[in-house]
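Colleague: A single structure is presented below for examination.
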Amino acid sequence: MNGSAPGPVDGAAVSGNWVARLRNFISVPKAGGEEYCELCTVPLPATHPHLAEPAAHRLMCVCRGCAMLLGGRADRKFVRVPTDVRRLANFRFTNGEWDALGIPIGLAFFYRSSADQRILAFYPGPAGSTECTLDLDKSVHVFEANAVFSELEPDVEALLANRVDGAHDYYVVPIDRCYELVGLIRTQWRGISGGPEAAKAIERFFAGLSQSHREVAHA
Amino acid sequence: MPADRAEAANPSDVPRRIEALIKAIEAAGEHPAAASARELVTLLLDLHGDGLTAIMSVLAASPGSEAIIAKLDGDEQARALLLLHGLHPDDTETRVRRAVERLRPHLGVDGIRIEVEHVAAGTARLSVSDSKGAINGARQMLLPVEIEQIVFDAAPEIERVVIGGLEPAQPALAAG
Chain A
108 MNGSAPGPVD GAAVSGNWVA RLRNFISVPK AGGEEYCELC TVPLPATHPH
158 LAEPAAHRLM CVCRGCAMLL GGRADRKFVR VPTDVRRLAN FRFTNGEWDA
208 LGIPIGLAFF YRSSADQRIL AFYPGPAGST ECTLDLDKSV HVFEANAVFS
258 ELEPDVEALL ANRVDGAHDY YVVPIDRCYE LVGLIRTQWR GISGGPEAAK
308 AIERFFAGLS QSHREVAHA
Chain B
15 MPADRAEAAN PSDVPRRIEA LIKAIEAAGE HPAAASAREL VTLLLDLHGD
65 GLTAIMSVLA ASPGSEAIIA KLDGDEQARA LLLLHGLHPD DTETRVRRAV
115 ERLRPHLGVD GIRIEVEHVA AGTARLSVSD SKGAINGARQ MLLPVEIEQI
165 VFDAAPEIER VVIGGLEPAQ PALAAG
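Dropping the structure here:
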């Protein structure tokens, strides 16, 4: 009925913690050390969900179980970061609108902060992300004129603008992708303007984004 | 190995087979086929895990979901899937404590007390105390294995079980 199998894969010496064994088997050892769920401490695979804690302006690496259990809370203490990337075919900042933001490079992301009750703007640079502290009120009309800003899921979705080298690419992305870009730029940045490595990293990032997006024509 | 396939068809044997096959693949060392096997398993697990997470999210948001999830938990195979993908409604520590709770009366008869001290980062720490000197002979060897099995059944994601209070009573054994 259930005798153990003879042969090369004899199951006699098994121990019972098969889930741990399977997870160890598929988790490729990483140079940077293992990541653990910030809520329940189980080891995490390389791709794992993120939860935002809006009140604390915090993003956490979590396991699927915690993301499911806590990411759907009605009080939005924790909010699960979505995975969808949408390219906005019809969205555009005019040069004047962009210049008014006072962002020194051609990259920025905007998200609605539920704690601050407004749209925050950040741009990446050698020291990580910098909040655009210039008077955003001047740009409020841009945000109001574009429905896309009001449709961003607060705290977890961002509008990512790429105007590097004359590009006009705008995406709605999960906020963790913005931090991924910030991290890439911080580690690759050389000198004053970033240098070719940073430029290449930015290019690769947007190429990857283009692969995963779906096109959205926005009115 | 057709005989092996037939063997795996017995559902309660699947976890044992998974462990045995992982051992076999790991024994192959750096063989390219081992890397492919690893990637294949990863992809399949991700596909099923993401789908199952979506299913459970819909379910968790529906009325009466608690009763349905409890029913799923009662099904051996559904439970295995929830455990595998980290989707079980009870966390690791809760399941370990519950399993130890069920074991307690059986050991209590012989004056053996068992406590859960700590469950974190893949390790469950338990302690055993033996007021009547009941842990001797074969039991001294079997008890840790039995406890470990019960913990692993409840929480197969645990990497190791450490049991305090079960150190060998006869140092002579270690000296040989």
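For the protein sequence lines, the chains are A and B, in the order given. For the first sequence, position 173 (counting from the first letter as 1) is numbered 280 according to this note's numbering, and the numbering increases by one without interruption. For the second sequence, position 174 (counting from the first letter as 1) is numbered 188 according to this note's numbering, and the numbering increases by one without interruption. Using N, Cα and C, we set each Cβ at its ideal position, and we do this for glycine too. Keep in mind it's a predicted model, so treat the numbers as computed, not measured.
1) Compile a chain-ordered list of the residues in the stretch 153–168 of chain B whose CB is closer than 8 Å to at least one CB of chain A.
2) Could you name the residues of the stretch 145–177 of chain A whose beta carbon sits closer than 9 Å to any beta carbon of chain B, in the order they occur along the chain?
3) Could you confirm whether any beta carbon from chain B is found closer than 9 Å to the beta carbon of A:W296?
4) Of all the CB atoms in chain A, is at least one closer than 9 Å to the CB of B:V55?
5) DSSP state of A:I282, grouped into three classes?
6) Under 9 Å between C-beta atoms, does A:F185 make it to chain B?
7) Can you tell me whether A:H248 is buried or exposed? The criterion is at least 16 other CB atoms within 10 Å of its CB, across all chains shown.
8) Does A:G123 get closer than 9 Å to chain B when you measure Cβ to Cβ?
9) Kindly indicate if chain B contains any beta-carbon less than 9 Å away from that of A:S319.
10) Please report how far the alpha carbon of B:R174 lies from the alpha carbon of A:L151, in whole angstroms.
11) Any heavy atom of the ligand HEM within a distance shorter than 8 Å of the CB on A:E310?
12) Output yes if chain A places a C-beta closer than 9 Å to the C-beta of B:L187; else output no.
13) Using beta carbons (cut-off 9 Å, strictly below), is B:R139 in contact with chain A?
14) Under a Cβ-count criterion, where at least 16 other Cβ atoms within 10 Å of its own Cβ denotes burial, should A:L129 be classed as buried or exposed?
15) Between B:A186 and B:D144, what straight-line distance do the alpha-carbon atoms span, to the nearest angstrom?
16) Checking 9 Å against the spacing of the C-beta atoms, do B:I149 and B:V142 come in under that value?
17) According to DSSP, simplified to helix, strand and coil, what is A:A265?
18) Which runs of the beta strand (DSSP E) fall wholly inside the stretch 133–198 of chain A and span at least 3 residues, in chain order?
19) Whole angstroms is fine: what's the gap from B:L180's alpha carbon to B:I128's?
20) Measuring CB to CB, does A:P161 end up less than 9 Å from A:G178?
21) Can a CB atom of chain A be found closer than 9 Å to the CB of B:S71?
22) Would you verify that the beta carbon of A:R130 is, or is not, closer than 9 Å to some beta carbon of chain B?
23) Taking 9 Å as the threshold (beta carbon to beta carbon), is A:I133 in contact with chain B?
24) Among residues of its own chain, excluding the 5 on either side of A:L146, which ones have a beta-carbon nearer than 6 Å to its beta-carbon?
25) I want to verify the contact list: residues of chain A whose CB lies under 8 Å from the CB of B:E44, in sequence order.
26) Please list the terminal residues of the continuous alpha helix (DSSP H) segment that includes B:R116.
27) For A:D191, count neighbouring C-beta atoms within 10 Å of its own C-beta (all shown protein chains included) and say buried if the count is 16 or more, exposed if not.
28) According to DSSP, is A:F216 helix, strand or coil?
Modeller: On the basis of the data shown:
1) E162, Q163, F166, D167
2) C147, T148, V149, P150, P152, T154, P156, C170, R171, G172, C173, A174, M175, L176
3) no
4) yes
5) helix
6) no
7) exposed
8) yes
9) no
10) 17 Å
11) Summarising the ligand content, the structure contains no ligands, and the ligand HEM is consequently not present.
12) Caution is warranted here: a pLDDT of 43 is assigned to B:L187, below 50, making its placement in the model unreliable, and no coordinate value can be reported.
13) no
14) buried
15) Only weak support exists for where B:A186 lies, its pLDDT of 41 falling under 50; the coordinates are left without a value.
16) yes
17) strand
18) 157–160, 165–168, 192–195
19) 11 Å
20) no
21) yes
22) yes
23) yes
24) V169, C173
25) Going along chain A, no residue has its Cβ under 8 Å from B:E44, so there is no contact; the nearest lies around 13 Å.
26) 106–122
27) exposed
28) strand
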